[in-house]
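Asker: Got a structure here, written out as structure tokens. Questions coming.
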Amino acid sequence: MGLKRAGRIGTVGALVAGTLGAAIVLTPASASADSAWECYGTQVKRCATVWWDETTDTYQARAKITDAAGGGNFSVKVTNVKLQRFNGSGWVTVKSKQDYDGWFATTDSAATAKIDPCKWPTNSFGVVATFSWKGASSGEKTWRPDMGWAHACN
């Protein structure tokens, strides 16, 4: 992913990143960008991202869970996906998707509705979701990537 240096916005982004203790991805409104998944886990891979749709210039939270090949043969589901914004003092949920569509043999995914990030031009955005698996062992984890996303609005 190539990102442009954005002067003051880049400086503000660096300050916010330092404050949050997290990486921030700055997506300029005029640039083409891909949204990268942040993942963890080996037998059950849990991934989340704030997805930028460059066609509509909007953000949405996405989460997915996959039973990894050669793993423990788990059934999986992802629920309660939230797109949140950091307003300087805490995380505020902007959109959420419960997604109680059941268990899946290999993979499940869910996404929130899209929002215009320029409604909150000084905020960074994050995603949090609940991941569940069952098989030889079972588990559930609510997880947020250590990453923030910001948008350079025109």
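The working numbering runs 8 ahead of the 1-based position in the sequence shown. Glycine included, each C-beta is placed from N, C-alpha and C at the ideal position. It should be emphasised that the depicted structure is a prediction, and the values quoted were computed from it without experimental measurement.
I need the DSSP call for K149, collapsed to helix, strand or coil.
Answerer: strand
Asker: Enumerate in chain order the residues of its own chain whose CB-to-CB distance from K86 is below 6 Å, with the five nearest sequence positions on each side excluded.
Answerer: Per the sequence shown, residue 86 should be read as Val rather than Lys. Hits under 6 Å: A71, I73, D116, A118, A137 and F139.
Asker: Specify, as a first and last residue, the run of the beta strand (DSSP E) that Q168 falls within.
Answerer: The structure shown does not extend to residue 168, since the chain is modelled only from 9 to 162, so the question has no answer here.
Asker: Where does C161 fall in DSSP's three states?
Answerer: coil
Asker: Give a yes or no on whether the C-beta atoms belonging to V58 and V135 are separated by under 9 Å.
Answerer: yes
Asker: Do R93 and W128 come within 9 Å of each other at the CB atom, strictly closer than that value?
Answerer: yes
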